[in-house]
Amino acid sequence: MRKSRVLPYLIAIAVTGLATLLRWALDPVLGDSAQYLYYYFSTMFAAIVLGFWPGLLAILLGAVGGTWFFFAAGHIGESTADETVRLLMFLLFGGITNLLAGRLHSARNQADSRAADLAESLARLRGAQESLRESEEKFRGLVDNMPTAVGIVQGKRFVYANRYMAGMLGHSVEEILSLDFPQLVHPAHREMMIERAQRRQLGEPVPDNYEFIALTKSGEERWIDFWPARITYRGKPALIGAGVDITERKRAQEILRESEQRLRATFENAASGIVQTDDQDRFVVVNDRICQMLGYAREELVGMSVHDLTCPEDRPRSDELNAQLHEGRLAMTRYEKRYLKRDGSPLWVEVAVSAVRDGAGHFLYAIGTILDISARKAAEAQVRLQAVALEGAPNAVSLSKTDRDGTIVWVNPAFTKLTGYSAEETIGQSHHMLSSGQQNGVFYRELWEKIQRGEVWRGELVNRRKDGKLYYEEMGITPLRDEDGKITHYMAIKQDITARKQAESALRESEGRFRGLADAVPLMIWQCGPDRRCDYFNQGWLEFTGRSIEQELGGGWAGGVHAEDIE
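This note's numbering applies: residue 79 is where the sequence shown begins, and numbers increase by one.
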């Protein structure tokens with residue numbers, strides 16, 4: 079609490095009053111010889127203890143008191159001159175004493191104030207040091223338990239390393255503190271790291287994040303994702319860096335690259351046409367085989383629509399099936415239709431299309447395999463017209479002819495080669511001899527009902543060869559009629575599609591692994607052509623941009639790039 083400003087003056091008055099009482103009490107003994115002596119002490123006390131102005135008040139009160147005693151004693155006229163001299167001496171001595179004492183009091187107050195300020199500064203300094211110590215303890219406690227390598231470098235020498243960094247590199251913390259940081263960097267990146275560390279400690283601009291290869295104590299190489307920053311450590315510039323071991327991510331990227339290469343090789347070398355279409359049924363990815371089938375260059379085919387390439391007579395059914403795929407009413411479909419080749423001629427194909435959807439079930443794109451079945455269609459036409467020699471059918475096409483009851487009456491060489499049964503073993507038997515048991519009675523009943531109605535049956539089934547091995551077969555059964563239109567026989571045209579099935583399965587597995595890996599890695603992955611049209615984005619890209627795959631496919635991705643960076 080602040081002292082009252084009036085209190086020193088009250089004390090000065092009280093001290094002077096005490097001096098006056100003492101003067102009055104001793105007056106009979108000492109007389110006038112000590113008239114101002116009592117006031118010297120009160121004045122000195124007031125000046126030294128209370129300060130200049132209370133001391134000045136004590137002088138004035140002492141002068142009044144001494145003069146009063148002089149006049150009260152009735153000495154007027156006897157020694158007025160002496161009294162005046164004593165009064166002046168009192169005033170002079172008191173004034174000098176008060177001035178000196180006041181300065182002493184002021185100096186003492188200043189010293190006390192400075193001492194208080196110094197004590198406060200020391201207290202603040204001790205508090206700051208304690209806060210710094212606590213902060214450093216918290217920093218070390220936090221950083222030492224972080225799952226991230228953290229180190230501080232001054233010059234080239236480590237002055238701090240956390241336990242995670244030591245464990246990651248196979249050293250103890252003490253060993254790292256005895257090393258220069260270039261000793262832990264792969265020679266291929268050592269010069270870059272030294273240059274950037276020196277430039278950063280000098281305050282020059284360098285990248286905020288980069289990758290390098292670190293060397294462990296055993297010599298193993300570890301890829302590090304590095305974030306450095308410039309700090310002042312114990313009064314000198316230093317570099318603090320945080321690093322994350324991304325070796326596994328790098329390996330995953332390499333595996334992904336190799337997987338993509340294998341997928342690309344499978345895609346390009348497939349015997350069937352393979353395409354990817356977008357939500358508008360436009361071709362976005364095509365392989366060489368489909369280009370050869372249709373006579374278009376890849377650049378011409380990409381961007382064209384399935385609708386435009388389909389023969390007008392087949393468009394309604396093709397469009398309806400594709401719409402069902404988009405809407406989710408079909409997961410996949412297989413059907414036959416005619417495409418228009420570049421020269422305008424039709425090409426019979428069998429199309430197998432599967433829809434690919436996101437986690438919410440929204441259509442992303444479709445993957446289709448396209449098989450040229452023009453040869454099969456031509457063979458079926460020849461069978462219907464009975465205008466070709468069945469024995470000359472291509473080896474790739476297996477033919478058999480049965481009577482109305484399903485008894486085999488003829489097979490071509492391709493049939494015997496495919497099944498392993500000779501013509502003699504086959505003729506007189508039914509196709510049940512090839513049954514694998516994987517098609518149930520309902521399947522065969524529906525097949526027979528259809529061909530007995532005079533309709534052509536087409537489908538796939540699994541049969542068993544003579545040696546017991548299973549194979550996939552694509553088959554079409556056409557009723558043959560006599561001149562009266564009555565069904566007399568059935569012609570089965572079959573093709574071994576085991577290799578195609580295996581290729582499709584391998585392709586789906588490879589693509590599944592690729593997409594699973596691409597969505598799992600913490601990276602943004604996309605695929606674009608030289609025309610800037612993108613046909614693939616992984617989940618990391620979509621989460622980063624916040625856009626849907628429909629927005630990104632094609633040229634949509636360019637909307638997220640600054641105009642100055644497009645080129």
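Backbone N, C-alpha and C fix where the C-beta goes; we use that ideal spot for every residue, glycine too.
- Here ILE324 is not bridged, per DSSP, to any residue.
- Each residue's CA atom was taken as its position, placing GLU198 and THR310 some 27 Å apart.
- A residue is called buried when at least 16 other Cβ atoms come within 10 angstroms of its Cβ; LYS314 does not meet this threshold and is exposed.
- DSSP places PRO306 within a strand segment (E or B) once states are collapsed to three.
- In the three-state scheme derived from DSSP, where H, G and I count as helix and E and B as strand, GLU561 is classed as coil.
- Per DSSP, reduced to three states, the secondary structure at GLU527 is helical.
- Annotation for ALA401: the continuous alpha helix (DSSP H) segment containing it runs 393-405.
- Residue range 612-615 is occupied by the beta strand (DSSP E) that includes CYS612.
- For THR566, the CB contacts under 8 Å within the same chain, skipping 5 residues up- and downstream, are ASP481, ARG482, LEU558, ARG559, ASP560 in chain order.
- Judged by DSSP secondary structure, PHE493 falls within the alpha helix (DSSP H) whose first and last residues are 491-497.
- The three-state reading of DSSP puts GLN629 in helix, counting H, G and I together.
- Annotated as proximal: CYS369 and ARG376, with beta-carbon spacing under 8 Å.
- Here ALA316 has ILE230, VAL231, GLN232, VAL237, GLN279, ARG308, ILE309, THR310 as same chain residues with Cβ atoms under 8 Å from its own Cβ, once five neighbours each way along the sequence are excluded.
- Across the structure, ASP357 and ARG268 are spaced so that their CA atoms are roughly 50 Å apart.
- Taking C-alpha positions only, GLU458 is separated from ILE571 by approximately 8 Å.
- Distance from the Cα of SER396 is smallest, within the candidate group PRO285, THR411, ARG312, for THR411.
- If only complete runs of 3 or more residues are kept, the region 239-303 shows the beta strand (DSSP E) at 288-293, in order along the chain.
- In this chain, THR411 is not harboured by any alpha helix (DSSP H); it is covered by the beta strand (DSSP E) spanning 410-418.
- If you compare the alpha carbons of TYR288, ALA292, VAL251, GLU252 with that of GLN261, the shortest gap goes to ALA292.
- Distance between LEU88 and ARG204, taken at the CA atoms: about 41 Å.
- Shown here for VAL221: same chain residues with a beta carbon closer than 6 Å to its own, the five before and five after excluded, namely VAL228, ASN240 in chain order.
- Under DSSP, MET602 forms no beta bridge with any residue.
- Here DSSP, grouped into helix, strand and coil, assigns MET371 to helix.
- Counting only residues of its own chain and dropping the five nearest sequence neighbours on each side, ARG393 has a CB closer than 8 Å to the CB of HIS385.
- Shown here for THR497: same chain residues with a beta carbon closer than 7 Å to its own, the five before and five after excluded, namely LEU512, ARG543, LYS544 in chain order.
- Between the region 443-450 and the region 336-356, the count of Cβ pairs shorter than 8 Å is three or higher; the stretches touch.
- Taking the CA atoms as reference points, GLY439 sits about 34 Å from LYS419.
- Your pair VAL363 and ASP574 does not check out as a contact, with CB atoms roughly 28 Å apart and the cut at 8 Å.
- Separation of the CB atoms of THR485 and SER500 is rounded to 17 Å, and the pair is thereby denied contact status at 8 Å.
- Here MET224 carries a coil assignment [DSSP, helix/strand/coil].
- The beta carbons of LEU403 and TYR413 sit no closer together than 8 Å.
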